[in-house]
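These notes are about the structure you will find just below.
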Amino acid sequence: MTGGHPAGPLARLLAWGTVLYLLLPITIVIPVSLTDRRYLSLPEEGLSLQHYARLFGSEAWLSAIGQSLWIALGATAVAVAAGTLCAIGCWRIGRRSSELVRVLMLLPLIIPGIVYAIGLYRWFGWLDLLDRVLGVTLAHGVTGIPYVVITVSTALAAFDPRLEQAARGMGASLGQTLRWVILPRIAPGIASGAIFAFIHSWDELVLVLFIASRRVLTLPRKIWDGINENLDPTMAAVAVLLILFTILLLALDGMLRARSGR
Amino acid sequence: MSAAAAAPALAGRPGRGVGHALELRGLSKRYGSFTAVDAVSLGIERGQFLTLLGPSGSGKTTILMAIAGFVAPSEGAVLLDGRDITALPPERRDFGMVFQGYALFPHMTVAENVAFPLRVRRLSRAEREAKVRAALDLVQLDRFAERRPAQLSGGQQQRVALARALVFDPDLLLLDEPLSALDKKLRAELQDELKALHRRVGRTFVNVTHDQEEALSLSDQVAILNHGRLVQMGAPEALYERPRTRFVADFLGTSNFLRGQVEAAGGGEMQLRAGETRLRQAGGDLPPGATALLSLRPEKIALLGAGEAAANQVTGSIAAWAYLGAGFSLTVRTSDLGALRVALPAWRAPIAPSEGLPVRLGWAADAAVPVLEDGDAA
Numbered sequence: 001m002t003g004g005h006p007a008g009p010l011a012r013l014l015a016w017g018t019v020l021y022l023l024l025p026i027t028i029v030i031p032v033s034l035t036d037r038r039y040l041s042l043p044e045e046g047l048s049l050q051h052y053a054r055l056f057g058s059e060a061w062l063s064a065i066g067q068s069l070w071i072a073l074g075a076t077a078v079a080v081a082a083g084t085l086c087a088i089g090c091w092r093i094g095r096r097s098s099e100l101v102r103v104l105m106l107l108p109l110i111i112p113g114i115v116y117a118i119g120l121y122r123w124f125g126w127l128d129l130l131d132r133v134l135g136v137t138l139a140h141g142v143t144g145i146p147y148v149v150i151t152v153s154t155a156l157a158a159f160d161p162r163l164e165q166a167a168r169g170m171g172a173s174l175g176q177t178l179r180w181v182i183l184p185r186i187a188p189g190i191a192s193g194a195i196f197a198f199i200h201s202w203d204e205l206v207l208v209l210f211i212a213s214r215r216v217l218t219l220p221r222k223i224w225d226g227i228n229e230n231l232d233p234t235m236a237a238v239a240v241l242l243i244l245f246t247i248l249l250l251a252l253d254g255m256l257r258a259r260s261g262r
Numbered sequence: 001m002s003a004a005a006a007a008p009a010l011a012g013r014p015g016r017g018v019g020h021a022l023e024l025r026g027l028s029k030r031y032g033s034f035t036a037v038d039a040v041s042l043g044i045e046r047g048q049f050l051t052l053l054g055p056s057g058s059g060k061t062t063i064l065m066a067i068a069g070f071v072a073p074s075e076g077a078v079l080l081d082g083r084d085i086t087a088l089p090p091e092r093r094d095f096g097m098v099f100q101g102y103a104l105f106p107h108m109t110v111a112e113n114v115a116f117p118l119r120v121r122r123l124s125r126a127e128r129e130a131k132v133r134a135a136l137d138l139v140q141l142d143r144f145a146e147r148r149p150a151q152l153s154g155g156q157q158q159r160v161a162l163a164r165a166l167v168f169d170p171d172l173l174l175l176d177e178p179l180s181a182l183d184k185k186l187r188a189e190l191q192d193e194l195k196a197l198h199r200r201v202g203r204t205f206v207n208v209t210h211d212q213e214e215a216l217s218l219s220d221q222v223a224i225l226n227h228g229r230l231v232q233m234g235a236p237e238a239l240y241e242r243p244r245t246r247f248v249a250d251f252l253g254t255s256n257f258l259r260g261q262v263e264a265a266g267g268g269e270m271q272l273r274a275g276e277t278r279l280r281q282a283g284g285d286l287p288p289g290a291t292a293l294l295s296l297r298p299e300k301i302a303l304l305g306a307g308e309a310a311a312n313q314v315t316g317s318i319a320a321w322a323y324l325g326a327g328f329s330l331t332v333r334t335s336d337l338g339a340l341r342v343a344l345p346a347w348r349a350p351i352a353p354s355e356g357l358p359v360r361l362g363w364a365a366d367a368a369v370p371v372l373e374d375g376d377a378a
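Chains C and D, in that order, are what the protein sequence lines are.
For the first sequence, UniProt numbering begins at 1 and goes up steadily by one.
For the second sequence, UniProt numbering begins at 1 and goes up steadily by one.
Quick look at the structure:
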């Protein structure tokens, strides 16, 4: 990139405009969360941490955070296990048909979430999984698979297939080859997929709106309800925490990538 | 060369002779309509060093992969000590293998790489450590045990791959172009090391290469392959001195090819005629009137001084020459035999080569070898 032309004024303007457009809606919640008023507004006379205090004192918010966390962890486990095995399987078979499987696995990403949610609603009705933690975990896990398939497939594309041959030639069973040779080589890809699958579940709303009502109340759902029912600034505080948490996860992902790139 | 003949082969050979005899029986591999390996049958005796030699696309690597178990043959069988192992998966064959590019595990240290086959076999930690140390000693890499493969030179990586392939006392060691990634000088060094290693461990080695020098210097037996077929197999000197076909003569070293009409045959000799030139050729049993093809090595042609005579004589003039340090390489144009390559030792060469210089060439009746055209060889 060092050899390119310097950016002209128009390009600079466009670039900065885009950055602001992306960042402003996110940053607006930060001052809102510090408002001294009792309703959703910008601070008027001073900054206050009262809404953060309310958040951590509220049984309902904490329970929503806890529930979201457990669901996200469960969904990540499902997505990582299924996505990794699928990616490895497709890679080993390496035929046209496996290409089809890979595309199928990306479907949850391609199909509009709301379409998927309607279908899931019918299915979960029959399976008695509506409004249950297990149901939401499964739904989030399955829709998280594409992230893992993509990152693990990318990691496998860089894997030298002769290493697998070498391992087997030295007497390693499929399980041993997987554990000692393939998995350590693609671990950064798996971790990256896990982080994305976690974030996906952590802030997923559309599915939850359809398949959960009262017993399962995730954090995004609680914010959604809050916006609809009252204009409590606690939501802004929650939003800020959500943003910080996500940035933390992405930073972790970046660190893992930097390490594996070495 | 059957498996049953394997046992007595050890007599007079150095080394422990703990290798195994390998036999290929009618091995074929087809990919769709393409035949990569065509009915190859060969045997290698216990403790010997066999090289599969051929140009790229000759099927040599496919044969090695079939021996290793990574390629399932379309027809034929692989036998180890007379036991059919064709259906055995690679992880149950107990063969050591050095891959092209070595295939060392980049996330493991040298010691961990070498310990891998032992870990797979669930050896105790103490046993593992002792064997790894012995294997690294064998290839003189004991000081590098804690390094990663990426921190080693090409030659060192190659030695780690050898140690890893030998550490579990494999029945057979397979080598897939083990020296091709190294520069010329290092290659020569490791060739010597590989040969010494083969003597020390006394196991059966099967090597694949396209480098004829490597094949000649390393092997007890060389199998020459072309277009998926076994063209000729034998000891290096036998292949060089008595090539069966034009391809073998041409691929191993360099050769002049002379074509002549048989005028008379008998008494272990043929009289040939090429234009105005009469040739005497030892051996060969072609009937009068047939066309004979002879392979004549450049170093077996002498420059005749005034008054000197030879069984075969031809005159010509130097068309091109090159000084190669140890010798001169001359191209001599003759009227009846075309251009002949002549290798002349440079030290005390009888002439100072120059273009257009007339010379007289001579060679003995047994210097050339009758060979088959490649089309007739099958």
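We put the CB at the ideal spot given by N, CA and C, even for glycine.
### Query
Taking buried to mean at least 16 other C-beta atoms within 10 Å of its own C-beta, is G266 (chain D) buried or exposed?
The residue in question, G266 (chain D), is exposed, as its Cβ has fewer than 16 Cβ neighbours within 10 Å.
### Message
Using CA atoms only, rank isn't needed, just tell me which of D:V114, D:F257, D:V201, D:R159 is closest to A339 (chain D).
### Response
Closest option to A339 (chain D), Cα to Cα, is D:F257.
### Query
For D160 (chain C), which residues in chain D fall below 9 Å Cβ to Cβ?
Within chain D, the residues G101, A103, P106 have their CB atoms less than 9 Å from the CB of D160 (chain C), given in chain order.
#### Entry: Beta carbon proximity, G169 (chain C) to chain D, threshold 7 Å
Yes, because at least one Cβ of chain D sits closer than 7 Å to the Cβ of G169 (chain C).
### Query
In three-state terms, what does DSSP make of residue 344 (chain C)?
Because chain C here runs from 1 to 262, residue 344 (chain C) falls outside it and cannot be looked at.
### Query
Which two residues bound the contiguous alpha helix (DSSP H) that contains I199 (chain C)?
Boundaries of the alpha helix (DSSP H) around I199 (chain C): 183 to 202.
### Query
Does DSSP put P126 (chain C) in a helix, a strand or coil?
Before going further, note that residue 126 (chain C) is Trp rather than Pro in the sequence given. It is helical.
### Query
Whose C-beta lies closer than 7 Å to the C-beta of T277 (chain D) among residues of the same chain, with five residues either side of it excluded?
So the qualifying residues of the chain are V314, D336, L337.
### Query
Would you say F95 (chain D) and R162 (chain C) are within 7 Å of each other, going by their C-beta atoms?
No, they are not a contact pair.
### Contacts of R187 (chain D) in chain C (Cβ-Cβ under 8 Å)
Per Cβ cutoff of 8 Å: no residues; R187 (chain D) is ~21 Å from chain C at best.
### Query
Does the pairing of the segment 224 to 244 of chain D with the segment 195 to 208 of chain D give three or more beta-carbon distances under 8 Å?
The segment 224 to 244 of chain D makes no contact with the segment 195 to 208 of chain D: fewer than 3 CB pairs, one atom from each, lie closer than 8 Å.
### Query
When you compare each of C:P220, C:E164, C:T154 to Q176 (chain C) by their alpha carbons, which one comes out closest?
When C:P220, C:E164, C:T154 are compared, the shortest CA-CA separation from Q176 (chain C) is found for C:E164.
### Task
For the beta strand (DSSP E) holding R360 (chain D), just list the boundary residues, first then last.
Bounds of the beta strand (DSSP E) holding R360 (chain D) are 358 to 363.
### Query
So what does DSSP say about Q165 (chain C), is it helix, strand or coil?
For Q165 (chain C), the three-state secondary structure derived from DSSP is helix.
### Query
Can you list the residues of chain D that P188 (chain C) reaches, using a CB-CB cut of under 8 Å?
By Cβ distance, chain D contributes nothing, its closest Cβ being about 11 Å from P188 (chain C), past 8 Å.
### Task
Apply the 10 Å Cβ neighbour rule to L13 (chain C) and answer buried if 16 or more other Cβ atoms are within range, or exposed otherwise.
Result: exposed.
### Query
What first and last residue would you give for the beta strand (DSSP E) that runs through T315 (chain D)?
Residue range 312 to 323 is occupied by the beta strand (DSSP E) that includes T315 (chain D).
### Query
Since Q140 (chain D) is in the alpha helix (DSSP H), which residue starts that stretch and which ends it?
Unbroken run through Q140 (chain D): none, as it is neither H nor E.
### Query
DSSP state of G15 (chain D), grouped into three classes?
Annotation note: pLDDT 40 at G15 (chain D) (below 50); position unreliable, coordinate value reported separately. Looking at G15 (chain D) - three-state DSSP - the assignment turns out to be coil, as it is neither helix nor strand.
### Query
In angstroms, rounded to a whole number, what distance separates the CA positions of E308 (chain D) and T291 (chain D)?
Between E308 (chain D) and T291 (chain D), the C-alpha separation is close to 29 Å.
### Query
My guess is that L293 (chain D) and P370 (chain D) are in contact by the Cβ rule of under 8 Å, so how many angstroms apart are they, rounded?
So it is a contact: roughly 7 Å between Cβ atoms.
### Message
Less than 7 Å between the beta carbons of L22 (chain D) and L80 (chain D), yes or no?
### Response
In contact: L22 (chain D) and L80 (chain D) (Cβ atoms closer than 7 Å).
#### Entry: A4 (chain D) in three-state terms, based on DSSP
Interpretation of A4 (chain D) is limited by its pLDDT of 40, a score under 50 that renders its predicted location unreliable; no figure is taken from the coordinates.
### Query
To which residues of the same chain is L104 (chain D) closer than 7 Å at the C-beta, ignoring the five residues directly before and after it?
So the qualifying residues of the chain are N113, P149, Q157, V160, A161.
### Message
I need the straight-line Cα distance from P8 (chain D) to I301 (chain D), nearest angstrom please.
### Response
At P8 (chain D), the pLDDT of 37 sits below 50, so the modelled position is not reliable and the matter cannot be decided from this model.
### Task
May I have the straight-line CA-CA distance separating A11 (chain D) from Q48 (chain D), to the nearest angstrom?
For A11 (chain D), the predicted model reports a pLDDT of 35, less than 50, meaning its position is unreliable and no value from the coordinates is stated.
### Task
Have a look at D:L50, D:Y31, D:G82, D:E45 and flag the residue whose alpha-carbon is nearest the alpha-carbon of residue 385 (chain D).
As shown, chain D starts at 1 and ends at 378. That puts residue 385 (chain D) outside it, with no answer to give.
### First through last residue of the alpha helix (DSSP H) which encompasses M65 (chain D)
Here the alpha helix (DSSP H) through M65 (chain D) covers 60 to 68.
### Message
Please tell me whether F205 (chain D) has its Cβ less than 7 Å away from any Cβ of chain C.
### Response
Output row for F205 (chain D): interface = no.
### Between the CA atoms of L156 (chain C) and L244 (chain C) - distance to the nearest angstrom
So the alpha carbons of these two residues sit roughly 31 Å apart.
### Message
Here's a check: name, in chain order, each residue in its chain whose Cβ is nearer than 7 Å to the Cβ of T62 (chain D), leaving out the five neighbours to either side.
### Response
Around T62 (chain D): K29, A36, V37, V71.
### Message
Across the segment 196 to 214 of chain C and the segment 134 to 152 of chain C, are there enough close Cβ pairs to call them in contact, namely three or more that are closer than 8 Å?
### Response
Cβ pair count under 8 Å is three or more, so yes.
### Message
Just checking: is the beta-carbon of A157 (chain C) within a distance shorter than 7 Å of some beta-carbon in chain D?
### Response
No, no contact with chain D.
### Query
If the cut is a Cβ gap below 9 Å, which residues of chain D does R185 (chain C) touch?
Going along chain D in sequence order, the residues near R185 (chain C) (Cβ under 9 Å) are F105, P106, H107.
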